[in-house]
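J.: To start, I am sharing the structure in question, which I have written as structure tokens.
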Amino acid sequence: LVLPAELISLPWLNRLKEARKEGKSGEAYITSWIHWLALAFAIYTAVLRAIELEPAALMGSGFMAGTALTLVAGSCIVNYAANVITAHGIGSGSSWVICAGIVTEYAETLHSILTSLEAGLLPAWRLALVSGGYLVLVLFAVLLSTSQLRLPVVQYSTTMATPPGQQGGAPSQDVFVQARQVAERKAAARRTASDYFPLILNSSGMLPIIFAGAAYFGFLPRFVELLGLHSLQASLAALQSSLTGLACYGFLVFCMEFLPVGGINPKEVAEYFNMMNVGIKGVVPGETTERYVQSKLLKCKFWGGLALAALAVSAYLFDRLCMVFLGTTLATTSLLIIVGAVMQSSRQVESLLEGPRLQEKLQREQGVIASLRVL
1321 LVLPAELISL
1331 PWLNRLKEAR
1341 KEGKSGEAYI
1351 TSWIHWLALA
1361 FAIYTAVLRA
1371 IELEPAALMG
1381 SGFMAGTALT
1391 LVAGSCIVNY
1401 AANVITAHGI
1411 GSGSSWVICA
1421 GIVTEYAETL
1431 HSILTSLEAG
1441 LLPAWRLALV
1451 SGGYLVLVLF
1461 AVLLSTSQLR
1471 LPVVQYSTTM
1481 ATPPGQQGGA
1491 PSQDVFVQAR
1501 QVAERKAAAR
1511 RTASDYFPLI
1521 LNSSGMLPII
1531 FAGAAYFGFL
1541 PRFVELLGLH
1551 SLQASLAALQ
1561 SSLTGLACYG
1571 FLVFCMEFLP
1581 VGGINPKEVA
1591 EYFNMMNVGI
1601 KGVVPGETTE
1611 RYVQSKLLKC
1621 KFWGGLALAA
1631 LAVSAYLFDR
1641 LCMVFLGTTL
1651 ATTSLLIIVG
1661 AVMQSSRQVE
1671 SLLEGPRLQE
1681 KLQREQGVIA
1691 SLRVL
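Heads up, the sequence shown is in the numbering used here, so the first residue is 1321 and it goes up one at a time.
Structure follows, in structure tokens:
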């Protein structure tokens, strides 16, 4: 992103940029910042909710402080549970917590649609048309979640060339050595043709839509309401429902894609390649590989952010269409968040199942190498 020079020169922003290059320690530093921001947002939301509930309060003094403290404590417990799910479970804990809230609230919407359909107030063809449009959005979300940029990976040779003075050794041993070298070259050729390092086009999943929606449709209107600017509040509501407002919402989703949340670290990728004695085809190992992976990541984030912004705006417009055809919204954005969480968890399950298969393959190769050594 192109930012003003004054903002780029801020010490805390430079520290966050450097933390992305420090591996696990930098990731822990960024996570701590996210936790502090989440705590500040929880306090802000708790105070707003306490102000809303104060007119109906039965207790006297201490209601505001007690309510805000209880809500913040509950938010911290939910955040801790989400972190535990992320660390020891399957998928993103935050996404699953959000999905649980969506599912519990969606039962009422589904009940109203089925009731209208049973009473004959809703034509079946309208529901079928809306369901087809929703299916198209889901397919686009699945395509976006599974799209990836494949970087060809090559295996560096670990077989030492035979010195000229040792070529006159035992003929039988040379035959087996040459056979093993031919087998290794053929295996390397097969790996070169099939091995690649995938970069997910949308590595953040649906989190940018969650953050942008919460900030644009939740935090901003509540903040204006808290300030008591009623005229500005009406203007903001009109702006959010206009095409200009939707463009601003899409741009915010696009910007959220560049947040350092999730994804991979180019430095860790370069170090892993060196450790495994592999590299990207046509790229020098080391810092050059790190810069190359970084450039490809930015490319994926750019195009993935554009596609995700288009998906978010399309989901908002589709909900408007549902109001016309069904008389209610399907909460399409919320349903797409559930689809993204399921896709992310399925990728993790697939990677967990791939581990035993790779271990079995490695054991077979080790057994073949051991048999050649015995011969």
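Don't be surprised by glycine CBs; every beta carbon is placed ideally from N, CA and C.
#1: Please tell me whether V1473 and Y1516 are closer than 8 Å, where the distance is taken between their beta carbons.
#2: Report buried or exposed for E1577, applying the criterion of at least 16 other Cβ atoms within 10 angstroms of its Cβ.
#3: Between the region 1516-1530 and the region 1626-1633, do three or more beta carbon pairs fall short of 8 Å?
#4: Rounded to a whole number of angstroms, what is the C-alpha to C-alpha distance between T1351 and N1585?
#5: Nearest to S1524 by CA position, among A1627, R1470, L1459, is which residue?
#6: What is the rounded straight-line gap between the Cα of L1447 and the Cα of D1639?
#7: Using a Cβ-Cβ cut-off of 8 Å (strictly less than) and excluding sequence neighbours within five positions of I1418, which residues of its own chain qualify?
#8: Which same chain residues end up closer than 6 Å to A1377 when comparing Cβ atoms and leaving out the 5 residues on each side of it in sequence?
#9: Measure the C-alpha to C-alpha separation of Y1349 and L1579 and round it to an integer number of angstroms.
#10: Quick check for students: name the residue ranges of the alpha helix (DSSP H) that lie wholly in the region 1343-1415, counting only runs of 4 or more.
#11: Three Cβ pairs or more, each shorter than 8 Å: is that satisfied between the region 1646-1657 and the region 1433-1444?
#12: Do the CB positions of Q1475 and P1518 come within less than 8 Å of each other?
#13: With C-beta atoms as the reference, is Q1701 less than 8 Å away from F1537?
#14: Helix, strand or coil: which one does DSSP assign to I1433?
#15: Among the candidates Q1664, C1642, N1399, whose CA atom is the shortest distance from the CA of S1766?
#16: Take V1603 and list the residues in its own chain whose beta-carbon comes closer than 7 Å to its own, dropping the five residues that flank it on each side.
#17: Determine contact between the region 1426-1435 and the region 1388-1403, defined as no fewer than three beta-carbon pairs at a distance below 8 Å.
#18: Which residue comes first and which comes last in the beta strand (DSSP E) that contains F1600?
#19: Helix, strand or coil, according to DSSP, for I1658 in the structure here?
#20: Would a C-beta distance cut-off of 8 Å place M1663 and S1414 closer than the cut-off?
#21: Which one of A1401, E1670, V1456, C1620 has the shortest CA to CA distance from T1655?
#22: Looking at the secondary structure, which residues open and close the alpha helix (DSSP H) in which P1541 lies?
T.: The short version:
#1: To locate residue 1473, count along the sequence shown from 1; it is residue 153. To locate residue 1516, count along the sequence shown from 1; it is residue 196. Yes, Cβ-Cβ distance for V1473 and Y1516 is below 8 Å.
#2: Counting from 1 along the sequence shown, the entry for residue 1577 is found at position 257. With 16 or more other Cβ atoms within 10 Å, it is buried.
#3: yes
#4: Numbered from its first residue, the sequence shown carries residue 1351 at position 31. Numbered from its first residue, the sequence shown carries residue 1585 at position 265. Looking at the two C-alpha atoms, the distance is approximately 14 Å.
#5: On the sequence shown, position 204 is the one that residue 1524 refers to. Check the Cα spacing between S1524 and each of A1627, R1470, L1459: the tightest is with A1627.
#6: For the purposes of this step, residue 1447 is taken as the residue at position 127 of the sequence shown. For the purposes of this step, residue 1639 is taken as the residue at position 319 of the sequence shown. Taking the straight line from one Cα to the other gives about 13 Å.
#7: Stepping through the sequence shown from its first residue, residue 1418 is reached at position 98. Excluding sequence neighbours, I1418 sits near I1530, I1657, A1661.
#8: Taking the sequence shown and counting its residues from 1, the one referred to as residue 1377 is at position 57. Answer for A1377: F1383, listed in chain order.
#9: Taking the first residue of the sequence shown as 1, we reach residue 1349 at position 29. Taking the first residue of the sequence shown as 1, we reach residue 1579 at position 259. Rounded to whole angstroms, Y1349 to L1579 spans 14 Å at the Cα level.
#10: 1344-1373, 1383-1408
#11: Yes, the region 1646-1657 touches the region 1433-1444.
#12: Sequence index remark: in the sequence shown, residue 1475 carries index 155 (1-based). Sequence index remark: in the sequence shown, residue 1518 carries index 198 (1-based). Cβ distance not < 8 Å, so Q1475 and P1518 don't count as in contact.
#13: One cannot answer for residue 1701 here, as it falls past the ends of the chain, which runs 1321 to 1695.
#14: Mapped onto the sequence shown, residue 1433 falls at position 113. Three-state result, I1433: helix.
#15: What is shown of the chain runs 1321 to 1695, which leaves residue 1766 out entirely.
#16: Position 283 of the sequence shown, counted from the start, is the residue given in the question as residue 1603. Same-chain partners within the cutoff: T1609, Y1612.
#17: Contact annotation: the region 1426-1435 does not touch the region 1388-1403, with fewer than three C-beta pairs closer than 8 Å.
#18: Mapped onto the sequence shown, residue 1600 falls at position 280. Here residue 1600 is Ile; the residue named in the question, Phe, does not match the sequence. Its beta strand (DSSP E) spans residues 1598-1600.
#19: Residue numbering aside, residue 1658 sits at position 338 when the sequence shown is read from its first letter. In the structure shown, I1658 sits in a helix (DSSP, three-state: H, G or I).
#20: Here residue 1663 is taken as the residue at index 343 of the sequence shown, counted from 1. Here residue 1414 is taken as the residue at index 94 of the sequence shown, counted from 1. Result no, Cβ atoms of M1663 and S1414 do not sit closer than 8 Å.
#21: For this step, residue 1655 is matched to residue 335 along the sequence shown. The amino acid at residue 1655 is misidentified as Thr; the sequence shows Leu. Of A1401, E1670, V1456, C1620, the residue nearest in Cα terms is V1456.
#22: On the sequence shown, residue 1541 is found 221 positions in, with the first residue counted as 1. Per DSSP, P1541 belongs to the alpha helix (DSSP H) from 1540-1547.
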